[in-house]
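First residue of the sequence shown? That's 77 in this note's numbering, and the numbers climb one at a time after it. C-beta: ideal position from N, C-alpha, C; glycine also. Nothing here was measured: the structure is a model prediction, and the numbers come from that model.
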Amino acid sequence: MNARRLISSAILAGALSLGLVALSACAAFDSTDSAGTADASAKKSGGKLAVTASFYPMRYLAERIGGDHVSVTTLTKPGVEPHDLELAPRQAADLGEADVVLYLKGIQPAVDDAIAQSGVKNVVDAASLTAMERHGTEAGAREETRDAERAEATAAGTDPHIWLDPVKFTEVANGVGAALEKADPDHAAAYRRNTGSLVKDLSALDTSYKQGLADTGGRTFITTHAAFGYLAERYGLEQEAITGIDPESEPSPARIRDLGAIAKRDKVTTVFFETLTSDRTARTVADDAGLRTDVLDPLEGITDSSKGDDYLQVMRSNLAALRKALGAK
Ligand SMILES: [Zn+2]
Numbered sequence: 077m078n079a080r081r082l083i084s085s086a087i088l089a090g091a092l093s094l095g096l097v098a099l100s101a102c103a104a105f106d107s108t109d110s111a112g113t114a115d116a117s118a119k120k121s122g123g124k125l126a127v128t129a130s131f132y133p134m135r136y137l138a139e140r141i142g143g144d145h146v147s148v149t150t151l152t153k154p155g156v157e158p159h160d161l162e163l164a165p166r167q168a169a170d171l172g173e174a175d176v177v178l179y180l181k182g183i184q185p186a187v188d189d190a191i192a193q194s195g196v197k198n199v200v201d202a203a204s205l206t207a208m209e210r211h212g213t214e215a216g217a218r219e220e221t222r223d224a225e226r227a228e229a230t231a232a233g234t235d236p237h238i239w240l241d242p243v244k245f246t247e248v249a250n251g252v253g254a255a256l257e258k259a260d261p262d263h264a265a266a267y268r269r270n271t272g273s274l275v276k277d278l279s280a281l282d283t284s285y286k287q288g289l290a291d292t293g294g295r296t297f298i299t300t301h302a303a304f305g306y307l308a309e310r311y312g313l314e315q316e317a318i319t320g321i322d323p324e325s326e327p328s329p330a331r332i333r334d335l336g337a338i339a340k341r342d343k344v345t346t347v348f349f350e351t352l353t354s355d356r357t358a359r360t361v362a363d364d365a366g367l368r369t370d371v372l373d374p375l376e377g378i379t380d381s382s383k384g385d386d387y388l389q390v391m392r393s394n395l396a397a398l399r400k401a402l403g404a405k
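Right, here's the structure in full:
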């Protein structure tokens with residue numbers, strides 16, 4: 077008798093807590109989808125096109141091009157290092173509510189999987205909007221002592237860091253503009269206008285980089301993770317990264333010795349570290365080789381400690397840091 081009452085109250089408690097879970101799940105949806113209706117509009121989120129961006133560079137494109145006509149959700153919180161991001165179950169569930177998902181395939185495997193399972197119709201992959209390249213393999217062929225871990229990281233796939241090259245980012249911006257026009261034809265003119273304005277800004281940025289890096293004392297820079305391959309190629313520089321494409325990998329002692337030799341040979345002055353990852357390794361390399369340290373921001377997220385409030389400002393800070401490190405005239 078007692079036992080039965082215990083069981084039934086346990087069931088009741090279970091049912092109650094299930095009810096609470098269901099209730100809070102609804103509340104979560106309501107907060108992001110307040111005016112959502114199932115009627116004629118293709119948009120799930122009231123008047124605005126709901127765009128989910130995977131991480132900061134995608135968010136920047138969505139906000140600049142979407143302007144007032146979109147509401148942007150970002151899967152990677154500010155200050156979180158985006159490589160190998162794990163998604164919360166709710167984030168994966170909420171993904172299905174997006175009108176448009178904008179991401180860069182190959183940098184965040186968990187995001188790639190969640191998007192593939194989301195059932196969202198309008199999925200825009202930035203990697204499909206410009207030519208992707210492998211970086212590091214040519215250098216690897218030259219450097220016999222290159223460590224295996226780094227070789228693995230770069231050989232596994234193409235370099236995803238296309239946003240750090242203003243010309244490639246322009247190609248992506250044009251593709252994103254076209255995708256938003258298609259997803260929301262009522263505001264096509266605005267998306268076209270906003271894309272034009274962004275492309276103009278990116279073109280001015282490209283010109284600043286070209287001119288700012290045309291005449292320098294050295295051409296080689298040392299970074300923490302290999303984020304600047306496209307940028308280096310665009311402006312005729314040599315990137316030497318302490319770790320590989322993925323910032324979590326650890327450099328071997330051999331790689332650290334190599335960097336010391338490269339620094340001496342190429343008259344490197346500075347080892348760059350980043351805002352979202354530890355600067356410990358960069359400082360070790362710099363101390364060993366007697367070099368300065370400075371920040372070169374891969375723009376994988378914007379925080380209060382970023383050297384600028386948005387993509388353009390941080391890219392300009394990066395240019396200033398590169399000019400200083402390379403002894404630009
Ligand atoms: Zn990266």
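Look at A365 here: in three-state DSSP terms it is helix. Following the DSSP letters along the chain, one finds D260 in no beta strand (DSSP E), marked with neither H nor E.
In this structure, L163 sits near A190, with a CB-CB distance shorter than 8 Å. Counting along the chain, A190 sits inside the alpha helix (DSSP H) bounded by residues P185 to S194. I318 and T300 have their C-alpha atoms some 5 Å from each other.
Look at A164 here: in three-state DSSP terms it is coil, with no helix or strand label. Per the C-alpha coordinates, the member of A202, M208, P165 and I183 positioned closest to S194 is P165.
Look at P133: its beta carbon is at least 7 Å from all of the heavy atoms in ligand 1. Straight-line spacing of the CA atoms in V361 and H237 works out to 23 Å. In chain order, F297, T345, T346 and D370 place their CB closer than 7 Å to the CB of A401, counting only its own chain and leaving out the 5 sequence neighbours on each side. With contacts defined as CB atoms closer than 8 Å, A129 and V156 fail to qualify as a contacting pair. One Cα belongs to T150, the other to R135, and the distance between them is close to 6 Å. Exclusion of the five residues before and after A255 leaves V200 as the residues of its chain whose Cβ lies within less than 6 Å of its Cβ.
With respect to the C-alpha of A203, the residue from I183, L375 and R269 having the closest C-alpha is I183.
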